[in-house]
Amino acid sequence: MTEQAYEPYAPLNTLKPFAEDIWIVDGPEIRMNYLGLRIPFPTRMTVVRLPDGSLWIHSPIAWNDDLGCALAELGPVRHIVAPNTLHYWYVPDWHERFPEARTYGPADLQKRARRKLQIDETLAETAPPAWQDAFEQCLFPGTILTEIAFFHRPSATLILTDLIENFEPERIRRRLLRWAIRLAGPTHPDGKAPFDMRWNFIGRGDAVRAASRRLVEWAPERIVFAHGRCYESNGLAELKRAFRWAL
1311 MTEQAYEPYA PLNTLKPFAE DIWIVDGPEI RMNYLGLRIP FPTRMTVVRL PDGSLWIHSP
1371 IAWNDDLGCA LAELGPVRHI VAPNTLHYWY VPDWHERFPE ARTYGPADLQ KRARRKLQID
1431 ETLAETAPPA WQDAFEQCLF PGTILTEIAF FHRPSATLIL TDLIENFEPE RIRRRLLRWA
1491 IRLAGPTHPD GKAPFDMRWN FIGRGDAVRA ASRRLVEWAP ERIVFAHGRC YESNGLAELK
1551 RAFRWAL
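So the sequence shown is residues 1311 to 1557, counted in the numbering used here.
The following block contains the structure:
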């Protein structure tokens, strides 16, 4: 077995309370193809219980039977969200287990995905009726990666995917990888979008600036994202720091 590149946020595949009606689940490490390389990444999904008692799954990780049973105790899974054009791979696996759920993703994801993918509803600037009582959302349009940010109003929690990454250097086991991530920029305590993602938004500065300012207007108390240490407090200050490149 290949040695893991990161110290995991154990226990994996376990619901961890993050805020009222919000849980995060840290999953197994994966390898993503990037510039001909297989780059390791930790994974994380977010679960929100909506006012009607149904569950909203954001950026699903690899399917796990025990996790599925734990979710069934929380409520029915009715919404499975691919929040950007990279975090979609496990949506079909989750939809197979919860066929009654609807699937959501950015425009053109179905065409660009590298596996067969069903998207029932395209995500945009306005929250769909299914969750507009709980969420605000806004779109960050990129040339390669487009992401939708979500703000859970009841708990003042901002839910991102790759717009902030915050790798803790002491959790990165490989020296070369630690050096590369430091060079790219998204390391704790100054987590932010890596340089390649910021390049992805070149030419769309006005739209990205407006979206970033909207996040600031929401004034989140906490922020969760897919890679690295989340912000359980002081969310607005961390957001302003992390998005200084866009604001």
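Where a beta carbon is used, it is the ideal one built from N, C-alpha and C, also for glycine.
Residue i, buried or exposed, once every other Cβ within 10 Å from all chains shown has been counted against 16
| i | result |
| --- | --- |
| D1336 | buried |
| S1580 | The shown model of the chain, from 1311 to 1557, leaves out residue 1580, and the question about it has no answer. |
| N1476 | buried |
| G1452 | buried |
| A1547 | exposed |
| A1320 | exposed |
| C1379 | exposed |
| M1311 | Confidence in M1311 is poor, its pLDDT being 43 and thus under 50, which makes the residue's placement unreliable; the coordinate value appears in the next sentence. That one is exposed. |
| A1503 | buried |
Endpoints, beta strand (DSSP E) assigned at residue i
| i | result |
| --- | --- |
| I1367 | L1365 to H1368 |
| R1412 | R1412 to G1415 |
| H1462 | E1457 to H1462 |
| R1388 | V1387 to V1391 |
Beta-carbon proximity of residue i to residue j, cut-off 9 Å
| i | j | result |
| --- | --- | --- |
| G1545 | A1521 | no |
| D1388 | S1364 | Just to set this straight, residue 1388 is Arg in the shown sequence, not Asp. The answer is yes: Cβ separation under 9 Å. |
| R1483 | A1315 | yes |
| T1342 | F1351 | Reading off the sequence, residue 1342 comes out as Met, not Thr. It is a contact, given that the beta carbons lie within the stated cut-off. |
| V1562 | F1553 | Since the first residue shown for the chain is 1311 and the last is 1557, residue 1562 is missing from the structure and cannot be characterised. |
| R1354 | I1390 | no |
| D1472 | L1455 | yes |
| D1500 | R1551 | yes |
| R1524 | C1448 | yes |
| F1460 | P1393 | yes |
Residues that DSSP places opposite residue i in a beta bridge
| i | result |
| --- | --- |
| G1538 | N1476 |
| A1329 | I1332 |
| R1354 | D1336 |
| K1426 | Bridge partners of K1426: none, in fact. |
| Y1316 | I1482 |
| F1511 | The partner list for F1511 (beta bridge, DSSP) is empty, contrary to what the question assumes. |
| K1502 | E1475 |
| Q1447 | F1460 |
| L1468 | F1461 and I1533 |
Contact test: residue i Cβ vs the ligand SAM heavy atom, cutoff 8 Å
| i | result |
| --- | --- |
| N1394 | Although the ligand SAM was asked about, the structure shown includes no ligands whatsoever. |
Residue range of the unbroken alpha helix (DSSP H) whose run includes residue i
| i | result |
| --- | --- |
| I1491 | R1485 to A1494 |
### Meets three-Cβ-pair contact criterion under 8 Å: the region 1393-1404 and the region 1425-1437
yes
### Task
Check whether the region 1508-1518 touches the region 1316-1326, counting contact only when three or more Cβ pairs, one atom from each stretch, lie closer than 8 Å.
no
### Query
With contact counted as at least three CB pairs below 8 Å, one residue from each stretch, are the region 1430-1442 and the region 1484-1501 in contact?
no
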